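S.K.: This is the structure, below, for whatever I ask next.
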Ligand code: BTN
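In the numbering used here, the protein residues as written are 3 to 251.
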């Protein structure tokens, strides 16, 4: 059994998880809340946390990986969540690089991974994997401006789900996939990830690793976890992080 702290309300489960990780919490420890007052997404965006409707959790992991492999944890976490969702719903989720889980073309879950400082020693190294899943949300539980972009397990399956069970399944899957990563390398996980690639072959816009705006066709992540995009001159750009959106034309 891994330690889990439950909160009714919290600012952000990631903030609390980082606090306990800094104090040495073991791998697999987690923070779960029914409501977040400052739920955070990537790139400083807000994660809307409808009270009691979604899963809001942060799992501390200390995988046996070299530092260069840490950015790939987000991809492994997305794959883990997607595998659990497919099992539960009988459906087929997709992964939008780097951190979104899609169902029926809409966002159902997101991951925000935050790691310990690069300088800390091997024993102190950790990542906090923050996971938000829209579980029992009806469409009107979401802010008006995002309703056309999001979905939930309830909307997809018309069935309510026990959020606690979902959390336990996701934590077990994440730890299992990270063990596979440290034993067998990233390759087999990347192959599974690529089968679910939402962006593959689509026209998109993003910012390259050199800070340039790029328009092109998504070719999927490479074995470093970086997204490759082919522009219209055939040049391939690697994207390390940042905002990735489908092109409007
Ligand atoms: C994204 O899609 O941009 C990532 C969203 C991550 C949201 C989760 S909810 C639990 C954890 N705590 C946070 O403040 N954020 C993550």
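Idealized CB from N, CA, C, for every residue including glycine.
Note that the structure is a prediction, hence the values are computed from the model and not measured.
Taking 7 angstroms as the line, does the beta carbon of residue 8 fall inside it for any heavy atom of the ligand BTN?
M.R.: As a working mapping, residue 8 is identified with position 6 in the chain shown. No, the ligand BTN has no heavy atom inside 7 angstroms of this Cβ.
S.K.: Cutting at 7 angstroms between CB atoms, please list the residues of its own chain near residue 192, excluding the five before and the five after it.
M.R.: Counted from its first residue, the chain shown places residue 192 at position 190. The residues are 223, 225.
S.K.: With a 10 Å radius around its C-beta and 16 neighbouring C-beta atoms as the bar for buried, classify residue 216 as buried or exposed.
M.R.: Along the chain shown, one-based indexing puts residue 216 at 214. Residue 216 should be labelled buried.
S.K.: If you measure between the beta carbons of residue 133 and residue 57, is that distance less than 8 angstroms?
M.R.: Translated into the one-based positions of the chain shown, residue 133 becomes position 131. Translated into the one-based positions of the chain shown, residue 57 becomes position 55. Going by C-beta atoms, residue 133 is nearer than 8 angstroms to residue 57.
S.K.: Taking 8 angstroms as the threshold (C-beta atoms), are residue 31 and residue 62 in contact?
M.R.: Locating residue 62 in the chain shown gives position 60, where the first residue counts as 1. Locating residue 31 in the chain shown gives position 29, where the first residue counts as 1. Yes, these two residues count as a Cβ contact at 8 angstroms.
S.K.: Have a look at residue 116 and residue 97 and give me their C-alpha separation to the nearest angstrom.
M.R.: As a position in the chain shown, residue 116 is number 114, starting the count at 1. As a position in the chain shown, residue 97 is number 95, starting the count at 1. So the two alpha carbons sit approximately 19 angstroms from each other.
S.K.: If we call anything under 8 angstroms between Cβ atoms a contact, is residue 180 one with residue 78?
M.R.: For the purposes of this step, residue 180 is identified with residue 178 of the chain shown, where counting begins at 1. For the purposes of this step, residue 78 is identified with residue 76 of the chain shown, where counting begins at 1. Result yes, Cβ atoms of residue 180 and residue 78 sit closer than 8 angstroms.
S.K.: What residues in its chain sit with their C-beta under 6 angstroms from that of residue 9, if we drop five residues either side in the sequence?
M.R.: Position 7 of the chain shown holds residue 9. Correct list, in chain order: 35.
S.K.: Do residue 135 and residue 156 count as a contact pair if the criterion is CB distance below 8 angstroms?
M.R.: Counting from 1 along the chain shown, the entry for residue 156 is found at position 154. Counting from 1 along the chain shown, the entry for residue 135 is found at position 133. In this structure, the beta-carbon distance from residue 156 to residue 135 does not fall below 8 angstroms.
S.K.: For residue 226, which of helix, strand or coil comes out of DSSP?
M.R.: For the purposes of this step, residue 226 is taken as the residue at position 224 of the chain shown. Residue state, collapsed to three classes: coil.
S.K.: Given a cut-off of 8 angstroms, decide if residue 231 and residue 218 are closer than it, judged by their beta-carbon atoms.
M.R.: For this step, residue 218 is matched to residue 216 along the chain shown. For this step, residue 231 is matched to residue 229 along the chain shown. Taking 8 angstroms as the Cβ cut-off, residue 218 and residue 231 qualify as a contacting pair.
S.K.: On a CA-only basis, which of 109, 89, 17 is nearest residue 151? Give me that one, please.
M.R.: For the purposes of this step, residue 151 is identified with residue 149 of the chain shown, where counting begins at 1. Looking at the Cα atoms, 109 is the closest of the given residues.
S.K.: Would you say residue 133 touches the ligand BTN, meaning its beta carbon is less than 7 angstroms from a heavy atom?
M.R.: For the purposes of this step, residue 133 is taken as the residue at position 131 of the chain shown. Yes, Cβ of residue 133 sits closer than 7 angstroms to a heavy atom of the ligand BTN.
S.K.: Strictly by DSSP, which residues pair up with residue 186?
M.R.: If you number the chain shown from 1, residue 186 lands on position 184. Paired residue(s): none; residue 186 is not in a bridge.
S.K.: Consult DSSP for residue 74 and reduce its assignment to one of helix, strand or coil.
M.R.: As a first step, residue 74 is located in the chain shown; it is residue number 72 there, counting from the start. In the three-state scheme derived from DSSP, where H, G and I count as helix and E and B as strand, residue 74 is classed as helix.
S.K.: Taking the alpha-carbon positions, what's the residue 113 to residue 234 distance?
M.R.: The count along the chain shown starts at 1 and reaches residue 113 at position 111. The count along the chain shown starts at 1 and reaches residue 234 at position 232. Looking at the two C-alpha atoms, the distance is approximately 31 angstroms.
S.K.: Compare the Cα-Cα distances from residue 100 to each of 125, 52, 45 and report the closest residue.
M.R.: Indexing the chain shown from 1 puts residue 100 at position 98. Out of 125, 52, 45, 45 has the C-alpha closest to the C-alpha of residue 100.
S.K.: Among the residues of its own chain, which have a CB less than 7 angstroms from the CB of residue 88, if the five just before and after it don't count?
M.R.: Residue mapping note: residue 88 aligns to position 86 of the chain shown, counting from 1. The answer, listed in chain order, is 94, 95.
S.K.: On a CA-only basis, which of 188, 59, 227 is nearest residue 165? Give me that one, please.
M.R.: Position 163 of the chain shown, counting from 1, holds the residue named residue 165. Comparing Cα-Cα distances from residue 165 to each of 188, 59, 227, the minimum goes to 59.
S.K.: Can you give the Cα-Cα distance for residue 139 and residue 107, rounded to whole angstroms?
M.R.: Stepping through the chain shown from its first residue, residue 139 is reached at position 137. Stepping through the chain shown from its first residue, residue 107 is reached at position 105. Spanning the two alpha carbons is a distance of roughly 17 angstroms.
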